[in-house]
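Notes to accompany the following structure.
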Amino acid sequence: MAIKSLDELKKIRDNSLKKVNLRESGENGEEIIEMMVGMATCGIAAGARETLNAILDEIEAKGIKNIRVVQVGCMGYCHSEPTVQVNMPGHEPILYGNVSAKVAKDIIEKHILNGELLDENILIKTFNKA
Amino acid sequence: MARYRSHIMVCGGTGCVSAESEAIIENLKAELKSHGYDNEIKVVKTGCFGFCGQGPIVKVHPENVFYVKVKPEDAKEIIEEHIIKGRRVERLLYEEPMLKEKLDESSKMNFYKKQYRIALRNCGLINPEDVNEYIAFRGYEALGQVLTEMTPEEVLKVMKDSGLRGRGGGGFPTGLKWEFTAKQPGNEKYIMCNADEGDPGAFMDRSILEGDPHTILEAMAIGGYATGANHGIIYIRAEYPLAIKRLDIAIEQARELGLLGDDIFGTGFKFDIELKYGAGAFVCGEETALIHSVEGARGEPTKKPPFPSVEGYRGKPTSVNNVETFANVPPIILKGSEWFSSIGTEKSKGTKVFALAGKVNNVGLVEVPMGTTLREIIYDIGGGIMDGKDFKAVQTGGPSGGVITVADLDTPIDYESLKAIGSMMGSGGMIVMDEDDCMVNIAKFYLEFTQDESCGKCTPCRIGTKRMYEILARITEGEGKPEDIDNLKQLGEMIKNTALCGLGQTAPNPVLSTLHYFRNEYEAHIKDKRCLTGSCKALSKYSIDPDKCIGCTACARVCPVDCISGKVKEVHVIDAEKCIACGACYDACKFDAVIKP
Ligand SMILES: Cc1cc2nc3c(=O)[nH]c(=O)nc-3n(C[C@H](O)[C@H](O)[C@H](O)COP(=O)(O)O)c2cc1C
Ligand code: SF4
Ligand code: SF4
């Protein structure tokens, strides 16, 4: 399915936009929660793989259905890897740092299921982007 | 689902904890409770906001209002005014120094423009293994525009007007490099991506490739169109397996969508990309050595000219560009050259990614407009020096660069200004050093690296860097001679002037620059046999302060070489000759009597 024009590219973009809008504005047309795990070399070295597995296990254990886990690259916060961002529809995206497997479980239990943010692990994004 | 309607975020970063953020949190909680709001609004302690000069900082969600320099006693007003009555507490808002205007939302604040991400725009935001997510953030739109609406000349003009300069170290204007390649006769040309990233301490290229691989493919295709190349090669070190995997997936996906291949966007433009693996030699990042390595020859540099844009891969015109350079290309096409050239300084446009490492609190990747000062990077974004110690210097440009000292903390950084103070931009490694770092030792570290990485083709570099390293090693071992300083200088200048390639030409820089700024440390090592910071083990001698020593014998009991003498309740003495500087006595003494060198 080759893209043969800018219009065709824009069609793909429009279809994908709904999914990614949540990450910047906290809005999307659907009621899907998203968890983004930083899986670059730095994240993995700091244990992001265990974090990711813990998240997947916990989602399964709790039977959460409206959630999507996305692997992303490095956000530049090497001092606080592994990082996990939680995007809930209607809420500002929240970024967590130093997310061990245990913290990951807490995020699901407290933040995702109870709407309660976790002390100590929240990071603030300190950049604008093009 | 959410129980709390709002959150109050208080920074609990290292800088801010010292500035009473704990007390602020307590007070906010108490105020909420006394007004009965504690079930609706939660106080959250967060990591560093990276704005420590203005700390402590309190941010209220969901409105995103940002209060600075908050004191514990301000909690009452924040709760009563903002939370209960919904009115901003004007006096705590941040006042933009330039605008003289109180700003409430962080996104409007200049400070947040301190970090402006162009090259890193998608890192951490998209799934790098899903081309659709890249497309959602305008991916491949620049390529589509270029192919369907612009001539190659127009692309070259945009690139030249943007002022983008190579991020691989040299800072050569990218548009010009592409134009040289485009102007060469013949129709077999190449475009190469330099992903060798050999500077120890730099990892921005890896992060881009791992976090946003499609942007490199797209930019290379744009470069191919502009220069007339149909073939792209990415030279990447084999030590980057994850980046390689993500590039492989990205190339596959791009081919499936026809974004690489024979008839891109239905325009008949043909472009494809292959990966070549490097074995991780520093010199192979030098463009002529890189080309030889891709050709299967020894990774050794050759004389320039001819430049690769005239005679490169297989003797054909080749443009070699760095990863971060490429990552800037699609946004420049989409937003225009004027947008890009409005960022940065007069001669250095756009942003630069730095890998901030060493003794700084927030180690990580930062992307700042050219012209940002070191102070802003280290203190505002980096959160200051670890453990509240004093800043001593920062090494930029890796093994090719030099140190920047306190005197230049407020120098706006760009290609020219860094050169003027004896360092260079390099690829963007930034190693922060504090009062405990010995400058002779640092210089030795870099020379150990370069003399090892020298390809050996030319004498000044092969033998000269080795001699320099030997002298430095001797000095740190307490065997320095008075003439060493002059010899280092003379050798350094000679190597700079006569080495064949950039590796040798820049290798003496760390020595010459530390000699220039910290000559006293070299002299202390050589004349007094003393290392002022105590990092050079051979030179560090522990001693005991007779005024503080009460003769408890704790030190003598732990000394592994039994070189501390003294009777109970009498002052103890260390035999400096025998001391192996293990530091055990220093840790053992409860009366601060042992003096660390
Ligand atoms: C010893 C040495 C090592 C280099 N290593 C790299 C490197 O790892 N990555 C890089 O992009 N450029 C490196 N360069 C610079 C390249 O020779 C070349 O200038 C650069 O790739 C051009 O791309 P740019 O114009 O986009 O910066 C190195 C140069 C020298 C002398
Ligand atoms: S300067 Fe050093 S690395 Fe460069 S060609 Fe000479 S020996 Fe090789
Ligand atoms: S530093 Fe170690 S070797 Fe030297 S006096 Fe103290 S305990 Fe003994």
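These protein sequence lines are chains D and H, in that order.
Under our numbering, the first residue of the first sequence is numbered 4, with each subsequent residue one higher.
Under our numbering, the first residue of the second sequence is numbered -6, with each subsequent residue one higher.
Glycine residues also receive a C-beta, built at the ideal position from the N, C-alpha and C atoms.
Predicted model only: the values in this text are computed from it and were never measured.
Which residue wins for smallest C-alpha separation from H/Gly278, given the options H/Tyr228, H/Glu245, H/Pro324?
H/Tyr228
In the DSSP assignment, find the alpha helix (DSSP H) that holds H/Met152 and state where it starts and stops.
According to the DSSP assignment, H/Met152 belongs to the alpha helix (DSSP H) that extends over 145 to 155.
H/Glu280: beta carbon under 7 Å from a heavy atom of ligand 2?
The answer is no for H/Glu280.
Could you pull the DSSP bridge partners for H/Thr39 from this structure?
D/Ile125, H/Cys4
Could you tell me if H/Glu563 is buried or exposed, where buried requires 16 or more neighbouring beta carbons within 10 angstroms of its beta carbon?
exposed
List the residues of chain D that H/Gln138 touches, going by C-beta distances under 8 Å, in chain order.
Leu9
Thinking C-beta only, is H/Ala581 closer than 8 Å to H/Cys548?
Cβ distance < 8 Å, so H/Cys548 and H/Ala581 count as in contact.
Would you kindly report the start and end of the unbroken beta strand (DSSP E) that includes D/Gln88?
87 to 90
Who are the Cβ neighbours of H/Ile72 in its own chain at under 8 Å, not counting the five residues just before and after it?
Leu21, Glu24, Leu25, His28, Tyr30
Distance, D/His114 Cα to H/Glu56 Cα:
19 Å
Find the nearest neighbour of H/Asp123 within the set H/Ile76, H/Val148, H/Met379, H/Glu203, judged by alpha-carbon distance.
H/Glu203
Identify each residue in the region 193 to 211 of chain H for which the Cβ-Cβ distance to at least one residue of chain D is less than 7 Å, and report them in chain order.
Arg199, Ser200, Glu203, Gly204, Asp205
Could you work out which residues of chain H lie near D/Lys22, taking near to mean beta carbons separated by less than 9 Å?
Asn125, Glu126, Ala129
Residue-chain proximity (H/Val287, chain D), Cβ-Cβ < 8 Å
no
To the nearest angstrom, how far is the alpha carbon of H/Lys269 from that of H/Cys454?
27 Å
What are the start and end residues of each continuous beta strand (DSSP E) run of 3 or more residues lying completely inside the region 94 to 118 of chain D, in chain order?
97 to 99
H/Val148: which of H/Arg110, H/Thr167, H/Gly162, H/Lys534 sits nearest, CA to CA?
H/Thr167
Go to H/Ile488, then tell me how far its alpha helix (DSSP H) extends in each direction, as first and last residue.
From DSSP, the alpha helix (DSSP H) with H/Ile488 extends over 477 to 491.
Do three or more CB pairs link the region 307 to 318 of chain H to the region 175 to 187 of chain H at distances below 8 Å?
yes
Which listed residue (H/Phe165, H/Tyr462, H/Leu484) has its alpha carbon closest to that of H/Ser302:
H/Phe165
Would you list the residues sitting across from H/Asp265 in a DSSP beta bridge?
H/His224
Residue closest to D/Leu20, alpha-carbon to alpha-carbon, out of H/Lys35, H/Val37, H/Ile119:
H/Ile119
Check whether the region 47 to 57 of chain D and the region 127 to 140 of chain H are in contact - that is, three or more C-beta pairs closer than 8 Å.
no
Do you know whose CA, among H/Pro553, H/Asn115, H/Lys153, H/Ile557, lies nearest H/Gly544's CA?
Of H/Pro553, H/Asn115, H/Lys153, H/Ile557, the smallest CA-CA separation from H/Gly544 is found for H/Ile557.
From D/Glu112 to D/Val106, what does the alpha carbon distance come to, in whole angstroms?
10 Å
Hey, is H/Cys116's beta-carbon within less than 8 Å of any beta-carbon in chain D?
yes
Going by Cα to Cα distance, which pick from H/Ala586, H/Cys529, H/Ala219, H/Asn32 is closest to H/Ile184?
H/Ala219
Any heavy atom of ligand 2 closer than 7 Å to the beta-carbon of H/Lys450?
Checking the Cβ of H/Lys450 against ligand 2 gives yes.
Alpha carbon of H/Asp479 to alpha carbon of H/Met487, nearest angstrom:
In this structure, the alpha-carbon of H/Asp479 lies about 12 Å from that of H/Met487.
Answer with buried or exposed for D/Ile47, where buried requires no fewer than 16 other C-beta atoms within 10 angstroms of its C-beta.
Buried: at least 16 other Cβ atoms inside 10 Å.
May I have the straight-line CA-CA distance separating H/Gly415 from H/Leu505, to the nearest angstrom?
The straight-line gap from Cα to Cα measures roughly 8 Å.
Per the DSSP calculation, H/Pro166 is bridged to which residue(s)?
In the DSSP assignment, H/Pro166 is bridged to H/Arg158.
Okay, do the region 424 to 436 of chain H and the region 236 to 256 of chain H touch, 3+ Cβ pairs below 8 Å being the bar?
no
I'd like to confirm the pairing. Which residues does DSSP put opposite H/Tyr60 in its beta bridges?
In the DSSP output, where bridge partners are listed per residue, H/Tyr60 has H/Val51, H/Leu86.
Comparing the C-beta of D/Asp109 with each C-beta of chain H, is any distance below 8 Å?
no
Just reading off the alpha helix (DSSP H) that H/Tyr579 is part of, what are its end residues?
577 to 581
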